[in-house]
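Trainee: Sharing a structure with you now.
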Amino acid sequence: MSDIAQKFGIQEALELLGIHDINDGTSTGSKHFSSGELIESYSPVDGALIAKVRTTSAKDYSQVMDTATAAFKAWRTKPAPQRGEIVRQFGQKLRELKEPLGKLVSYEMGKSYQEGLGEVQEMIDICDFAVGLSRQLHGLTMHSERPGHRMYEQYHPLGVVGIISAFNFPVAVWAWNTALAWVAGDVCVWKPSEKTPLCGIACQNIAAEVFKANNLPEGISCLINGDYKVGVFMTHDKRIPLVSATGSIRMGKIVAQAVASRLGKSLLELGGNNAIIVSPDADIKMTVIGAVFGAVGTAGQRCTSTRRLIIHESIYDRVKEAIVTAYKQLRIGNPLDEKNHVGPLIDTDAVKNYQNALSKVVEEGGKLIVEGGLLEGKGYESGCYVRPAIAEAKNSFEIVQHETFAPVLYLLKYSGEVENAIEIQNGVVQGLSSAIMTNNLREAERFLSAQGSDCGIANVNIGTSGAEIGGAFGGEKETGGGRESGSDAWKVYMRRQTNTINYTTQLPLAQGIKFDI
Ligand code: NAD
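With the UniProt record's numbering, the residue at position 154 of the sequence shown is 154, and numbering never jumps.
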């Protein structure tokens, strides 16, 4: 273990999460079904090798699917409130292990320890939500047009749900899916990002312990490891009726086609290009907090990170100055150290993408007003720490249209009415999160109207970044159209059945059709 890992108790955290023998990938909880090659997990915090994890081969995958399919047969017979009780126990275990899991998230992914804890809190919150939901998976009843008939609809479990997740929310996205899928009566097979495999193993160990304590098959929660090739096993597998995939638009297009070609369902949570509109009636102090946190939090690696600020020309200079001043106060460094605001990017490829974006915006005629750049020297040995950058740009620039998963903020100017800002905000292919900062009620309502923001999330006087689990989460256009987490997102994990019961001695046909024999 590296000095930083020792100082911040990473070894102890791994032990508490049931990850013991970390050099040959054999004792990581997924041992039964992992015989493929080893992948290495490096921390972007200090560049140290944390562990080697064995990947899932095609043969292993087939065993996983047998186990999951068998577990589904048992799990679906358990009444939903009893399934909720298991999710309650899982949430309780997460409460007990919040600190070690939050620490591992921070060390393996690079987000701040506070954000790591926040991510585990989201898991706990969705478990609480799912427990309540387990008593509310209700359908409708309708009046039949035929006398002596009763008609209603009910929801049944779907089967094996495949989950493919991204590196930037290495544990919460799985929980958003799995907590709902479990109370719905489904079992889950999860492929976490190959960049954060230990987070996946830690979650699997926690879930496995709960299932074991309740004499339930571990196959209710299955883990498979590896890169996109392992994800492809699931997208092509007819035994998986629903694939929930979180990641880039590029990945989503491939996954959507593969799943659709076998008429499966996919739930897609893809990239964003989120903007905050700053109106002449904005509270500047709130705007600066929302915009800066949105742009640099998680080093700009949230799907909901603020990428564009669309500022009215009348306050453009004031807002620009306030944000540039705030950027000067940012402390960049080890994310486990709570005094730092900004941690590293996930890897050196991400650094290259960031550098490429900065060159491109200048090539296209933009101007860097906070220059950014790679940090080097003591504390930055991993080569993944960059300075958050700000560029004045135009929405039409190719690079502005594109999601760069790094702390690069584009300032765009609008004039006239809020409709002009909304047109800029909607003028990208992505449609995840959006916000307006204004104290003008009419403007706010126009932004939220049918002619307003075209995104899945539209906020007033809150930034774009983050979301509460109680609402349905997801985005439109190339963000993929999926919804997960709260509200009625649970319906995607179930199949709907319409039932009609005839309690007469006649067989009247619908629409008054006569069929005399
Ligand atoms: P990525 O697309 O590179 O990988 C995501 C996951 O997909 C990984 O597990 C990867 O192995 C898998 N994968 C890649 N190609 C695949 C294929 N052809 N078939 C099956 N699986 C495949 O994304 P990333 O770099 O890990 O994450 C960053 C991206 O995720 C950003 O675009 C971000 O906006 C997006 N994201 C979106 C949301 C959301 O809710 N909308 C949440 C988090 C991240």
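Backbone N, C-alpha and C define an ideal beta-carbon position, used for all residues, glycine too.
(1) Whole-angstrom Cβ separation of residue 219 and residue 83, contact assumed at under 8 Å?
(2) Return yes when the Cβ of residue 343 is within less than 8 Å of the Cβ of residue 112, no when it is not.
(3) Pull up the distance between the alpha-carbon of residue 28 and that of residue 260, whole angstroms please.
(4) Taking 8 Å as the cut-off, does the stretch 462-474 touch the stretch 314-329 (at least 3 CB pairs, one atom from each stretch)?
(5) Three Cβ pairs or more, each shorter than 8 Å: is that satisfied between the stretch 11-19 and the stretch 194-212?
(6) Where do the N-terminal and C-terminal ends of the beta strand (DSSP E) with residue 491 fall, by residue?
(7) Could you spell out where the beta strand (DSSP E) holding residue 274 opens and where it closes?
(8) Kindly list the residues whose CB is nearer than 8 Å to the CB of residue 462, restricted to its own chain and excluding five residues on each side of it in sequence; keep chain order.
(9) What is the DSSP secondary structure of residue 223, counted as helix, strand or coil?
(10) In this structure, how does DSSP classify residue 117 when only helix, strand and coil are distinguished?
(11) Could you check whether the stretch 243-256 touches the stretch 265-281, counting it as contact only if at least three pairs of C-beta atoms, one from each stretch, sit closer than 8 Å?
(12) Cα-Cα, which of 161, 197, 167, 208 is closest to residue 187?
(13) Below 8 Å, how does it come out for the stretch 408-415 and the stretch 357-375: are there three or more Cβ pairs, yes or no?
(14) Beta carbon of residue 388, beta carbon of residue 45: below 8 Å?
(15) Pull up the distance between the alpha-carbon of residue 31 and that of residue 347, whole angstroms please.
(16) Just list the beta strand (DSSP E) runs in the stretch 119-188, keeping only unbroken ones of 3 residues or longer that don't cross its boundaries, in chain order.
(17) List the DSSP bridge partners of residue 246.
(18) Hey, out of 95, 127, 6, 148, whose CA is closest to residue 502's CA?
(19) Just checking: is the beta-carbon of residue 153 within a distance shorter than 8 Å of some beta-carbon in chain D?
(20) For residue 26, which residues of its own chain have a beta-carbon under 6 Å away from its beta-carbon, when the five flanking residues on both sides are left out?
(21) Going by Cα to Cα distance, which pick from 47, 13, 133 is closest to residue 98?
(22) May I have the straight-line CA-CA distance separating residue 528 from residue 107, to the nearest angstrom?
(23) According to the Cβ coordinates, are residue 262 and residue 510 closer than 8 Å?
(24) So, is residue 504 buried or exposed, given that buried needs 16 or more other C-beta atoms within 10 angstroms?
(25) Can you grab the Cα-Cα spacing for the pair residue 297 / residue 481, in whole Å?
(26) Who does residue 458 pair with in a DSSP beta bridge?
(27) Beta carbon of residue 55, beta carbon of residue 281: below 8 Å?
(28) So what's residue 91 in DSSP terms, helix, strand or just coil?
(29) Three-state secondary structure (DSSP) at residue 404?
(30) Our contact map puts residue 529 next to residue 345 with C-beta atoms below 8 Å; I'd like the distance itself, whole angstroms only.
(31) Report all residues from its chain with a CB closer than 8 Å to the CB of residue 331; omit the five preceding and five following residues, and keep chain order.
(32) Distance, Cα to Cα, residue 305 vs residue 276?
(33) Select from 231, 328, 238, 241 the residue whose C-alpha is nearest the C-alpha of residue 247.
(34) Is residue 516 buried or exposed, if buried means 16 or more other CB atoms sit within 10 Å of its CB?
Mentor: Let me lay it out:
(1) Here the question's residue 219 lines up with position 219 in the sequence shown. Here the question's residue 83 lines up with position 83 in the sequence shown. Not a contact, Cβ separation roughly 15 Å.
(2) Mapped onto the sequence shown, residue 112 falls at position 112. Mapped onto the sequence shown, residue 343 falls at position 343. It is a contact, given that the beta carbons lie within the stated cut-off.
(3) Taking the first residue of the sequence shown as 1, we reach residue 28 at position 28. Taking the first residue of the sequence shown as 1, we reach residue 260 at position 260. No answer about residue 28 holds up, because its pLDDT of 44 lies below 50 and its placement is not dependable.
(4) no
(5) yes
(6) Here residue 491 refers to the residue found at position 491 when the sequence shown is read from its first residue. Looking at the DSSP string, residue 491 is not in any beta strand (DSSP E), and its letter there is neither H nor E.
(7) Counting from 1 along the sequence shown, the entry for residue 274 is found at position 274. 274-278 is the span of the beta strand (DSSP E), which, as asked, contains residue 274.
(8) For this step, residue 462 is matched to residue 462 along the sequence shown. Closer than 8 Å at Cβ, skipping near neighbours: 290, 435.
(9) Here residue 223 refers to the residue found at position 223 of the sequence shown. DSSP, reduced to helix, strand and coil, places residue 223 within a strand of the structure shown.
(10) The residue labelled residue 117 in the question sits at position 117 within the sequence shown. Assignment of residue 117 by DSSP, reduced to helix, strand and coil, places it in the helix class.
(11) With a cut-off of 8 Å, the stretch 265-281 and the stretch 243-256 count as touching, because enough Cβ pairs lie within range.
(12) What you label residue 187 is simply residue 187 of the sequence shown in a count that begins at 1. Among 161, 197, 167, 208, the Cα nearest to that of residue 187 belongs to 161.
(13) yes
(14) Here the question's residue 388 lines up with position 388 in the sequence shown. Here the question's residue 45 lines up with position 45 in the sequence shown. The answer is no: Cβ separation not under 8 Å.
(15) Sequence index remark: in the sequence shown, residue 31 carries index 31 (1-based). Sequence index remark: in the sequence shown, residue 347 carries index 347 (1-based). Because the pLDDT at residue 31 is just 45, under 50, the model does not fix this residue reliably, and the value given afterwards should be weighed accordingly. Distance between the alpha carbons of residue 31 and residue 347 is about 27 Å.
(16) With a minimum length of 3 residues, the continuous beta strand (DSSP E) runs that stay inside the stretch 119-188 are 149-157, 160-164.
(17) Numbered from 1 along the sequence shown, position 246 holds the residue referred to as residue 246. For residue 246, which the question treats as bridged, DSSP gives the partners 269.
(18) In the sequence shown, residue 502 corresponds to position 502, counting from 1. Ranking the options by Cα distance to residue 502, first place goes to 148.
(19) Looking for chain D here will not work: only one protein chain is present.
(20) Here residue 26 refers to the residue found at position 26 when the sequence shown is read from its first residue. Any reading at residue 26 must be qualified, since the residue scores a pLDDT of 43, below 50, and its modelled position is unreliable; no value is offered.
(21) Numbered from its first residue, the sequence shown carries residue 98 at position 98. The residue among 47, 13, 133 with its C-alpha nearest the C-alpha of residue 98 is 13.
(22) Here the chain covers residues 1 to 517 and nothing more, so residue 528 does not appear.
(23) Looking up residue 262 in the sequence shown gives position 262. Looking up residue 510 in the sequence shown gives position 510. Not a contact, by the Cβ cut-off of 8 Å.
(24) Working through the sequence shown from its first residue, we reach residue 504 at position 504. Exposed.
(25) Here residue 297 refers to the residue found at position 297 of the sequence shown. Here residue 481 refers to the residue found at position 481 of the sequence shown. C-alpha separation (whole angstroms): 25 Å.
(26) Your numbering for residue 458 matches position 458 in the sequence shown. Partner(s): 434.
(27) As a first step, residue 55 is located in the sequence shown; it is residue number 55 there, counting from the start. As a first step, residue 281 is located in the sequence shown; it is residue number 281 there, counting from the start. No, the pair does not count as a contact, with Cβ atoms beyond the cut-off.
(28) Translated into positions along the sequence shown, residue 91 becomes position 91. Here residue 91 sits in helix by DSSP.
(29) As a working note, residue 404 is residue 404 in the sequence shown. Three-state DSSP puts residue 404 in coil, outside helix and strand.
(30) Outside the displayed range of the chain (1 to 517) lies residue 529, so it cannot be described from this structure.
(31) For the purposes of this step, residue 331 is identified with residue 331 of the sequence shown, where counting begins at 1. Cβ within range, chain order: 339, 340, 341, 342.
(32) The residue you call residue 305 lines up with position 305 of the sequence shown. The residue you call residue 276 lines up with position 276 of the sequence shown. Approximately 10 Å, taken between the alpha carbons.
(33) Mapped onto the sequence shown, residue 247 falls at position 247. From the listed residues 231, 328, 238, 241, the smallest Cα separation to residue 247 is found for 231.
(34) What you label residue 516 is simply residue 516 of the sequence shown in a count that begins at 1. Residue 516 should be labelled exposed.
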